[in-house]
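Novice: What follows is a single structure, and I will ask about it in a moment.
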Amino acid sequence: MPDLRNTSALKLENIRKSFGRVDALSSINLEVSAGEFLTILGPSGSGKTTLLRLIAGFVMPDSGKLAIFGHDMTMASAGKRQIGMVFQHYALFPHLTVLENVMFPLEMRKHSRREAAEKASSALAAVRLESFGDRYPKQLSGGQQQRVALARAVVFEPKLLLLDEPFSALDRRLRESMQREVKQLQASLNLTTIFITHDQEEALVMSDRIAIIDRGTIQQLGSPNEIYYHPQSITVAQFIGESNILEGTETPEGLRTASGMLLRRASPSNSGRILVRPEAIRITREPAAGAAANQFKGKIASRTFVGGFTIYQVNVQGGDTLTVRCLADEETMFEASQEVNLSIREADCRPLPRDAKEARV
Amino acid sequence: MNLRLQAIKAQAGALALVSPALALLGLLFFYPIVLLFFTTLEGDNIGNYAKVVSSGTSMQVFFNTLRIAVIVTVVDLLLAYPLAVYISGLSPTGKAIAFFLVLIPLWTSQLVRTYAWMVLLGRQGPINNILVWLGVIDAPIRLANSEFAVVAGMTHIMLPYMLLPIYNSISKIDHSLFDAAKGLGAGALSTFTRVLVPLSIQGVLAGVSLVLVLSLGVFIMPALLGGGRVPVIALLIEQQAGSFLNWAMAGTLSAVLMVIVMITFLVIKFLTRMFVRGRIDVAST
């Protein structure tokens, strides 16, 4: 028996999988520790679904190793892995009642019918559906079906919980309350959870760590903060949040863009590329006092009012266009073609490394 | 406008739409059945029914017909179910080809297919030739003009009627349900008995009722492939009407056959209700 305290809940080593000539996954390495909530975030076609199906045991890797709590499960069948999974469209059995659905994994594990019914009832109580046991899935709303699927996935005390874009079919408000509910349940059961999504906001809200996957490889792995503020590649920067990416030549004072903007920054680098998040740019009518290191004059090109905040496109003198996001304030709305001042702190000009494969400009 | 009035108007509209079909069925189907029923009572009141029920021969023929129909239904079910599972897993092109092959028999005349079976099963036919060549048998054996020939031919003809409803219900099942079952710990057998079968039972029962009912009334196959050795009810009716000109008896036999068919239908309907208890219909999604 391996020592559980020092083994990771899930360990993937050099996992590769291709379909025909298409490499779906190339060399995936990933370790998830017990109780962690890890999100695999990527656009459609990035390989995230293949990775999930591979962890679940529906797809076998071409090469590499997969271990769950220290046990080699690379070629184990799905049923042997003790993984609870919530499918995108819930995959509840339509011919079974809610209670029978939740009892299913217990009956497959040869629990007596009575014991299975008791456990299933308490799992349903945990998702506040104890009075719905006799209904059929089709008689429930989307959110309720989701909770049944969740109860069914955790009722047999699995070692891992996999969530495959479970919120994508729900409307916005329901989605937010389900996110909270899943997070609470996960925390109370201390269940290691792997969550698949293409929704970056969802990933930032839910996760302990995020793995960004694209073109079959993990582009970056880190906490939501790290991913947001210190993206290691342009792919990651563009995928998470909105971004201004400025390119230019390195000078002793800072980065100089082709149009002549000089951006001073706190940490030196020689990548020739800088990331500025739209909310890090201050926009004022008069040049700001207290002078941030980087000051530019510009003209408002367009304004988008989104309720809580306002997004401006600003043409900086010389040529570059920056996206600026600020809290909405009815008193100080700027109009199109109005002259404004932009200021950016040195620390908010973050050097953006070039992708390894990218040719140097 | 009054809601009640609106509802009545809607119903009247619906009635107007179905009335041509109703009139046609009434005239060409229901009216002849009523006529037939009166024919059976001619001269002897219910005496014909008493004769049929008390006659050992006709009851035996009924039983024989039912037996053959059940054999054909079971064999077709055993052939069609795995085939339906297989076809539902094919690519779209594969499905098109498979359906073309399955449906060809439906497009050719039953008579042609029956003669094809006669050739196939004949003394000098390919099956006998192959068996002799393989050394399984020394000399050609009788394959045609036997119950085996009738069952084989009927099984072939009825297969699409079994396959299509089963395929239809299997293809509607969400594939993630099988993944879910697997992931929750179900083996192949449990997945089959707990997920696949319950979710396709409606198609199975539909196919069973079609094949059973159609098999009860077959005429051409037993007439041509049975060689007089396979008595079924349709042959008996034809004999009474055609050879003995005993229309009353032919009508009585038909009426009894009709009752058997209706009972079969009711039993299957009851089974369907039982299996599909309470659930909001899967087929409707």
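Listed in order, the protein sequences are those of chains A and B. According to the working numbering, the stretch in the first sequence is residues 1177 to 1537, in order. According to the working numbering, the stretch in the second sequence is residues 808 to 1092, in order. Beta carbons: idealized from backbone N, C-alpha and C, even for Gly. Remember, predicted model here, so these are calculated numbers, not experimental data.
Any idea which residues DSSP pairs P1527/A with across the strands?
Specialist: Answer is I1450/A, bridged to P1527/A.
Novice: Apart from the five residues on each side of it in sequence, which residues of its chain come closer than 6 angstroms, Cβ to Cβ, to G1034/B?
Specialist: Cβ within range, chain order: N952.
Novice: Verify the CB distance criterion: does A987/B have a CB-CB separation below 8 angstroms to chain D?
Specialist: Looking for chain D here will not work: the only protein chains present are A and B.
Novice: Could you check if I853/B is buried or exposed, using at least 16 other CB atoms within 10 Å of its CB as the buried criterion?
Specialist: It is exposed - the Cβ of I853/B has fewer than 16 other Cβ atoms within 10 Å.
Novice: To the nearest angstrom, how far is the alpha carbon of S898/B from that of A905/B?
Specialist: Spanning the two alpha carbons is a distance of roughly 10 angstroms.
Novice: Does any CB atom of chain A fall closer than 8 angstroms to the CB of D883/B?
Specialist: Chain A, which has no Cβ nearer than 8 angstroms to the Cβ of D883/B, makes this no.
Novice: Have a look at the DSSP bridge pairing and note the partners of K1076/B.
Specialist: Its beta-bridge partners do not exist; DSSP assigns none.
Novice: State buried or exposed for I1421/A, treating a residue as buried only when at least 16 other CB atoms are found within 10 Å of its CB.
Specialist: Classification for I1421/A: exposed.
Novice: To which residues does DSSP link D1390/A through a beta bridge?
Specialist: D1390/A is bridged to T1393/A.
Novice: Return the chain-ordered list of same chain residues with a C-beta closer than 8 angstroms to the C-beta of D1248/A, the five sequence neighbours on each side being excluded.
Specialist: Within the same chain, D1248/A has close Cβ partners K1241 and L1242.
Novice: Rounded to the nearest angstrom, what separates M1028/B and I894/B at their Cα positions?
Specialist: Their Cα atoms are separated by approximately 28 angstroms.
Novice: Between which two residues does the beta strand (DSSP E) harbouring T1368/A extend?
Specialist: Element bounds for T1368/A: T1368 to T1373.
Novice: Check E1426/A in the structure and name its three-state DSSP category.
Specialist: Strand.
Novice: Taking 8 angstroms as the threshold (beta carbon to beta carbon), is H1265/A in contact with chain B?
Specialist: So yes, H1265/A belongs to the interface.
Novice: Along the chain, which unbroken stretches of the beta strand (DSSP E) at least 3 residues long are found entirely within the region 1277 to 1357 of chain A?
Specialist: Complete beta strand (DSSP E) runs here, min 3: 1336 to 1340.
Novice: Would you identify the three-state DSSP class for V1516/A, choosing helix, strand or coil?
Specialist: Reduced to three states, the DSSP call for V1516/A is strand.
Novice: Quick check on T1092/B: does DSSP put it in helix, strand or coil?
Specialist: Because the pLDDT at T1092/B is just 35, under 50, the model does not fix this residue reliably, and the value given afterwards should be weighed accordingly. Reduced to three states, the DSSP call for T1092/B is coil.
Novice: Thinking just about the alpha-carbon of each residue, which of P967/B, A1013/B, A1030/B and S1050/B is nearest to the one in S976/B?
Specialist: The shortest Cα separation from S976/B among P967/B, A1013/B, A1030/B and S1050/B belongs to A1013/B.
Novice: Determine the burial state of F836/B: buried for a count of at least 16 other Cβ atoms within 10 Å of its Cβ, exposed for fewer.
Specialist: Per the 10 Å Cβ criterion, exposed.
Novice: Counting contacts by CB-CB distance shorter than 8 angstroms, is A993/B in contact with chain A?
Specialist: Yes, A993/B counts as interfacial toward chain A.
Novice: Output yes or no for whether 8 angstroms exceeds the beta carbon distance between V1492/A and G1474/A.
Specialist: Cβ distance < 8 angstroms, so V1492/A and G1474/A count as in contact.
Novice: Output yes if chain A places a C-beta closer than 8 angstroms to the C-beta of S1007/B; else output no.
Specialist: So, not an interface residue.
Novice: Closest by CA to G1318/A, which one among M1382/A, I1520/A and F1263/A?
Specialist: Of M1382/A, I1520/A and F1263/A, the residue nearest in Cα terms is F1263/A.
Novice: Can you give the beta carbon distance from G1010/B to I973/B, rounded, assuming they're within the 8 angstroms contact cut?
Specialist: That pair is a contact at about 4 angstroms.
Novice: Using a Cβ-Cβ distance under 8 angstroms, would G896/B count as near chain A?
Specialist: No - not a single Cβ of chain A is within 8 angstroms of the one on G896/B.
Novice: Could you tell me the boundaries of the alpha helix (DSSP H) in which N1190/A lies?
Specialist: Note, N1190/A: premise wrong, no alpha helix (DSSP H); beta strand (DSSP E) at L1186 to F1195.
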